[in-house]
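First comes the structure, then the notes that go with it.
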Amino acid sequence: MSVVSQVILKADDELRYPTNGELTSLTQFFQTGQQRVRIATTLAESEKKIVEQASKRLWQKRPDFISPGGNAYGQRQRAQCLRDFGWYLRLATYGVLAGDKEPIEKIGIIGAREMYNALGVPMPGMVESIVCLKEASLALLSQEDATAAAPYFDYIIQAMS
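In full-length UniProt numbering, the protein residues as written are 1 to 161.
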């Protein structure tokens, strides 16, 4: 749900018009619209590059993940890791577009954590992989855009910790 929907629904639930503070938050949301779309476009168009760089960085930091017995050992497991990198990148992008972390949570960050625990995937490794994804993503953005996008990656990192 977008910031606009949230403001409208909250005001309607309380049978009132949006407050000045809520209208100010909508103004700020609209003013950052071009930036949010620019960030989302860059991340979407660069997904393959970001996933490649993030996975390369992760395998360098943690070669045990791709060694025999590691969670990403073998072609199938490694492909699943790369698929998950793309999924988390999309989650962060959805948050950026919405200007809110709610889509990240609603789409399933909590369920993903439970799934990884059930599969025996070490959560510290998942956190480390998202950190690599964040670094590869933010490196493609301007400083201003990276500052705007970072909290969405941080939210995923915190949720996986």
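Yeah, the Cβ is synthetic: ideal placement off N, Cα and C, and Gly gets one too.
Extent of the continuous alpha helix (DSSP H) run through residue i
{"i": "S137", "result": "M123 to L138"}
{"i": "K49", "result": "E47 to K61"}
{"i": "F29", "result": "N20 to Q31"}
{"i": "A146", "result": "Q143 to M160"}
{"i": "I107", "result": "E102 to I107"}
Beta-carbon gap between residue i and residue j smaller than 8 Å
{"i": "I50", "j": "L91", "result": "no"}
{"i": "T32", "j": "G99", "result": "yes"}
{"i": "L89", "j": "L43", "result": "yes"}
{"i": "S129", "j": "F85", "result": "yes"}
{"i": "Y152", "j": "G108", "result": "no"}
{"i": "E22", "j": "V37", "result": "no"}
{"i": "L141", "j": "I66", "result": "no"}
{"i": "Q35", "j": "D145", "result": "yes"}
Exposed unless 16 or more other CB atoms sit within 10 angstroms - verdict on residue i
{"i": "R76", "result": "exposed"}
{"i": "K48", "result": "exposed"}
{"i": "I104", "result": "buried"}
{"i": "M160", "result": "buried"}
- Hey, is the segment 21-31 in contact with the segment 119-139, meaning 3+ C-beta pairs nearer than 8 Å? no
- Query: Between the segment 50-59 and the segment 8-24, do three or more beta carbon pairs fall short of 8 Å?
  - Reply: no
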